[in-house]
Structures are given as C-alpha cells and as structure tokens.
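Q:
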Amino acid sequence: SKTFTATLATWAQANGQLSLTQSIDSYIPQLQATRLGKVPVFHLGTHTAGGFPLQVPDKVQNTRQLMEYFKAWQPDYLPGTHRTYANPSVGLLGMVAARSMKLPYEQALQQRLFPALGLSNTYINVPDEKQALYAQGYNKLDEPVRVNPGPLAAEAYGVKSSSSDLLRFVEANIGLGQNDAALQKALRDTRTGYFKVGGMTQDLIWEQYPLPVHLDTLLEGNASAMLNTVKTEMIEPPQAAQSSVWVNKTGSTNGFGGYVAFIPEQQLGIAILANKNYPNEERVKLAYRILQKMGCCSTP
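UniProt numbering numbers the first residue of the sequence shown as 1 and each following residue consecutively.
(1) Can you tell me whether Gln61 is helix, strand or coil according to DSSP?
(2) Sort out for me which residues DSSP pairs Ala261 with in a bridge.
(3) Could you please give the first and the last residue of the uninterrupted alpha helix (DSSP H) stretch that includes Pro88?
(4) When the distance is taken between beta carbons, is Thr5 closer than 8 Å to Val90?
(5) Hey, could you find the ends of the alpha helix (DSSP H) Thr3 is sitting in?
(6) Go ahead and label Arg283 buried or exposed: buried means 16 or more other beta carbons lie within 10 angstroms of its beta carbon, across all protein chains shown.
(7) What distance in whole Å lies between the Cβ atoms of Asp165 and Asn121, which are believed to be in contact at a cut-off of 8 Å?
(8) For Gly80, which residues from the same chain have a beta carbon less than 6 Å from its beta carbon, with the 5 sequence-adjacent residues on both sides left out?
(9) Please list the terminal residues of the continuous beta strand (DSSP E) segment that includes Pro238.
(10) Assuming Asn280 and Thr250 make a contact with CB atoms under 8 Å, what is their CB distance in whole Å?
(11) For Pro29, which three-state DSSP category applies?
(12) Indicate whether the contact test is met: 3 or more Cβ pairs, each with one atom in the segment 177 to 187 and one in the segment 136 to 150, closer than 8 Å.
(13) Considering Cα atoms alone, identify which of Leu291, Thr253, Ala287 and Ser19 is closest to Pro149.
(14) Helix, strand or coil: which one does DSSP assign to Pro300?
(15) Once the 5 residues before and after Gln32 are set aside, which same chain residues still bring their CB inside 7 Å of it?
(16) Since Ala271 and Val170 should fall inside the 8 Å C-beta cutoff, what is the C-beta to C-beta distance between them, to a whole number of angstroms?
(17) Nearest-angstrom Cα distance between Gly37 and Gly295?
(18) Decide if the segment 111 to 118 is in contact with the segment 39 to 55; the criterion is three or more beta carbon pairs, one per stretch, under 8 Å apart.
(19) In terms of alpha-carbon separation, which member of Ser243, Gly255 and Lys102 lies closest to residue 358?
(20) Is it the case that the Cβ atoms of Arg112 and Ile28 are separated by a distance below 8 Å?
(21) According to the neighbour-count rule (16 or more other Cβ atoms, all chains shown, within 10 Å of its Cβ), is Leu133 buried or exposed?
(22) On the three-state DSSP scale, how would you describe Ala283?
(23) Helix, strand or coil: which one does DSSP assign to Lys130?
(24) Tell me which residue opens and which closes the beta strand (DSSP E) that Phe52 is part of.
(25) Among Asn228, Ile205 and Tyr69, which residue has its Cα nearest to the Cα of Val247?
(26) Is Arg83 helix, strand or coil by DSSP?
(27) What residues are listed by DSSP as bridge partners for Gln208?
(28) Using DSSP with H/G/I as helix, E/B as strand and the rest coil, what is Lys38?
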C-alpha cells in the first residue's frame with residue numbers, strides 16, 4: 001500500500017495538483033493552526049514528520065476521531081531530524097494526495113492510478129468475483145486471519161495485489177512500462193532521496209542502497225530495529241532518482257509478508273509474496289540470492 005500511496009502523491013504533483021514541499025494544512029484545512037499542519041508533506045512519506053506511533057491508537061475508530069488525533073498531535077522531534085517508521089503519517093500522505101485530486105482515496109487508486117499502471121488484479125476491496133483468488137493469510141499460530149479494517153488501513157497497508165500486477169509495477173518503476181510522461185515522472189520522483197539513515201537512503205517510502213551492495217547491508221536496513229526511532233542526515237538538495245541502486249520495500253500484515261526489490265540500471269526486479277508474515281530477513285536473503293543468480297549485486 002505504501003508504495004502506491006507514494007506514487008499517488010508524486011503523480012498528483014506531476015499533474016500540478018500537489019507540491020510535496022507545501023505544508024500539510026494546504027491540503028487538509030482542518031489542520032490549520034496545528035503543529036502537524038505546518039510540516040511539509042514529504043516528511044509524511046519519509047517517516048520524518050516528528051514521531052508517530054507505529055499504528056493509529058486503538059481509541060481512534062472513525063474519521064472524526066482521526067482528525068482530532070492529528071489536531072492534538074505534538075512532535076517528539078523537529079521534522080527531518082529523526083526517522084520513526086509509522087503507519088499514521090503514511091496514511092495522512094494518502095489523505096493529502098487524494099484531497100489534492102478531489103477524490104476519495106479508494107477512488108483515486110482504483111479508478112485512476114491502478115488503471116493508469118495497467119494493474120487489473122489490485123484492489124483495496126477485493127470484489128466478489130475475485131474472492132476465490134484471494135489467498136488466505138495465516139498468523140504465527142497458523143490460524144486464518146484477514147487484514148484488520150480501521151482508519152487509514154487502505155492508505156497504509158490495505159492494498160491486495162497479485163504477483164503479476166506487482167511485477168508490472170516493478171517494470172513501471174524500472175522504465176519498462178508504457179506510461180505517459182506524467183506517470184513516468186511520478187514513478188521516478190518516488191525515488192528521490194531525502195535522508196541518509198546509516199547505509200540506507202530514505203526515498204518517498206522506497207528505501208535504496210548504492211551498488212555494489214552487500215547482503216549484510218540489506219539485512220541491517222530491513223531489520224526489525226529499523227522500526228525504532230533513529231537519527232537522520234538530510235540530503236540537501238534532495239537526490240534525484242538514481243539508477244545504480246538497489247531499491248526495496250517490505251510489507252507485512254498479521255497474515256501476509258511481501259518484499260519488492262529492483263535495480264533500475266540492470267532492469268532487474270523481484271516481487272515476493274507469502275500468505276504468512278515471515279521475517280523480513282528471510283525475504284531479503286531469498287531476493288538477494290535470486291537476483292545474484294541473474295547477475296546483480298557484485299560486492300567488493
């Protein structure tokens with residue numbers, strides 16, 4: 001979901017509807033006169049807005065309560081100084097992008113972005129006629145589970161996609177798709193580098209590493225410790241999309257685990273989907289081993 005949310009935001013920007021450097025309250029007027037409202041939009045997609053919890057608090061159950069939560073939010077850090085991986089901020093990025101397009105988020109994705117990308121088996125809500133194709137997820141106890149609904153679920157973790165559609169998305173990101181100029185620019189702009197966090201460069205949701213990259217570097221960057229708050233080093237000006245890089249993103253719910261990685265320069269990419277939340281490290285090792293067999297990732 002997060003990479004699609006980022007793409008929606010950069011697509012809105014490419015079409016002149018949104019500026020990632022504008023303040024959040026330019027698009028969400030309810031947040032005017034709040035600390036959060038003055039934060040530039042791009043911080044929402046780089047986990048650097050100032051410190052959010054990983055999940056929206058349980059007491060927040062509807063849109064009204066969500067907006068009250070955002071109004072009352074106070075930063076733990078100055079924007080851009082620390083990275084705190086969080087769903088609420090990414091969800092708010094989705095809200096901002098959809099508001100700029102004057103559409104509900106689900107409509108912006110399912111009726112605009114997904115068709116533009118040629119994705120025919122990617123949904124927020126799986127239709128009845130596709131339910132038979134919807135894999136069953138299993139938790140750590142091997143019990144069947146589905147993704148939990150809730151505020152910002154669609155924007156942060158609620159998209160369901162097929163392996164073929166995800167590979168088509170990877171192809172679009174490495175320049176192999178037949179996309180118009182605005183969408184091509186949007187895809188590149190999601191790979192703008194904003195912050196350095198150790199050996200990883202934080203793009204808009206995507207995370208990237210310069211080649212050659214060692215497996216240990218990828219494992220460190222995708223470890224569970226990266227859910228913790230860490231200091232960042234801002235890249236000024238932001239780094240334009242690079243080609244000689246390993247770009248990746250993990251994705252998880254209680255019943256599913258996914259991993260996407262690609263190398264634009266070599267036009268190589270991989271999408272791994274599992275109906276169980278396997279450790280990120282195992283996903284990265286598998287992807288690295290497969291892409292190494294295809295000629296990538298030589299290390300010094």
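Positions of the beta carbon are idealized from the N, C-alpha and C atoms, including for glycine.
A: Looking at the coordinates:
(1) Along the sequence shown, read from residue 1 onward, the residue named residue 61 stands at position 61. Three-state DSSP puts Gln61 in coil, outside helix and strand.
(2) To locate residue 261, count along the sequence shown from 1; it is residue 261. DSSP, once it has assigned bridges, lists Asn248 and Ile270 as partnering Ala261.
(3) Residue mapping note: residue 88 aligns to position 88 of the sequence shown, counting from 1. Unbroken alpha helix (DSSP H) run through Pro88: Asn87 to Met101.
(4) To locate residue 90, count along the sequence shown from 1; it is residue 90. To locate residue 5, count along the sequence shown from 1; it is residue 5. Contact: yes.
(5) For the purposes of this step, residue 3 is taken as the residue at position 3 of the sequence shown. Note, Thr3: alpha helix (DSSP H), Lys2 to Ala14.
(6) In the sequence shown, residue 283 corresponds to position 283, counting from 1. The residue is buried, with at least 16 neighbouring Cβ atoms inside 10 Å.
(7) The residue labelled residue 121 in the question sits at position 121 within the sequence shown. The residue labelled residue 165 in the question sits at position 165 within the sequence shown. Indeed, because the Cβ distance is near 5 Å, the residues count as touching under 8 Å.
(8) Walking along the sequence shown from the start, residue 80 turns up at place 80. Within the same chain, Gly80 has close Cβ partners Thr48 and Met234.
(9) Reading the sequence shown from its first residue, position 238 is the one you call residue 238. Start and end: Glu233 to Gln239.
(10) Position 280 of the sequence shown holds residue 280. Position 250 of the sequence shown holds residue 250. The Cβ separation is near 5 Å, so the contact holds.
(11) To locate residue 29, count along the sequence shown from 1; it is residue 29. Note: Pro29 maps to helix in three-state DSSP.
(12) These segments do not touch.
(13) Position 149 of the sequence shown, counted from the start, is the residue given in the question as residue 149. Measuring from the Cα of Pro149, the nearest candidate turns out to be Thr253.
(14) Here residue 300 corresponds to residue number 300 of the sequence shown, with the count starting at 1. For Pro300, the predicted structure reports a pLDDT of 46, less than 50, and the residue's modelled location is therefore unreliable. A value from the coordinates is still provided. Of the three classes helix, strand and coil, the one that applies to Pro300 here is coil, per DSSP.
(15) Walking along the sequence shown from the start, residue 32 turns up at place 32. Once the five neighbours on either side are set aside, the close Cβ partners of Gln32 are Asp25.
(16) On the sequence shown, residue 271 is found 271 positions in, with the first residue counted as 1. On the sequence shown, residue 170 is found 170 positions in, with the first residue counted as 1. Between Val170 and Ala271 the Cβ distance is about 6 Å, and since that is below 8 Å, they are a contact.
(17) Against the sequence shown, residue 37 aligns to sequence position 37. Against the sequence shown, residue 295 aligns to sequence position 295. Gly37 and Gly295: Cα-Cα distance of roughly 46 Å.
(18) no
(19) Residue numbering for the chain in the displayed model covers 1 to 300; residue 358 lies beyond these limits and cannot be assessed.
(20) The residue labelled residue 112 in the question sits at position 112 within the sequence shown. The residue labelled residue 28 in the question sits at position 28 within the sequence shown. Going by C-beta atoms, Arg112 is not nearer than 8 Å to Ile28.
(21) Here residue 133 corresponds to residue number 133 of the sequence shown, with the count starting at 1. It is exposed - the Cβ of Leu133 has fewer than 16 other Cβ atoms within 10 Å.
(22) Counted from its first residue, the sequence shown places residue 283 at position 283. According to the sequence shown, residue 283 is Arg rather than Ala. In the structure shown, Arg283 sits in a helix (DSSP, three-state: H, G or I).
(23) Taking the first residue of the sequence shown as 1, we reach residue 130 at position 130. The three-state reading of DSSP puts Lys130 in helix, counting H, G and I together.
(24) Along the sequence shown, one-based indexing puts residue 52 at 52. Neither: Phe52 is in no beta strand (DSSP E) and is coded neither H nor E.
(25) Counting from 1 along the sequence shown, the entry for residue 247 is found at position 247. When only C-alpha atoms are compared, the closest one is Ile205.
(26) Along the sequence shown, one-based indexing puts residue 83 at 83. Here Arg83 sits in strand by DSSP.
(27) Your numbering for residue 208 matches position 208 in the sequence shown. Thr201 and Val247, per the DSSP bridge assignment.
(28) Here residue 38 refers to the residue found at position 38 of the sequence shown. Helix at Lys38.
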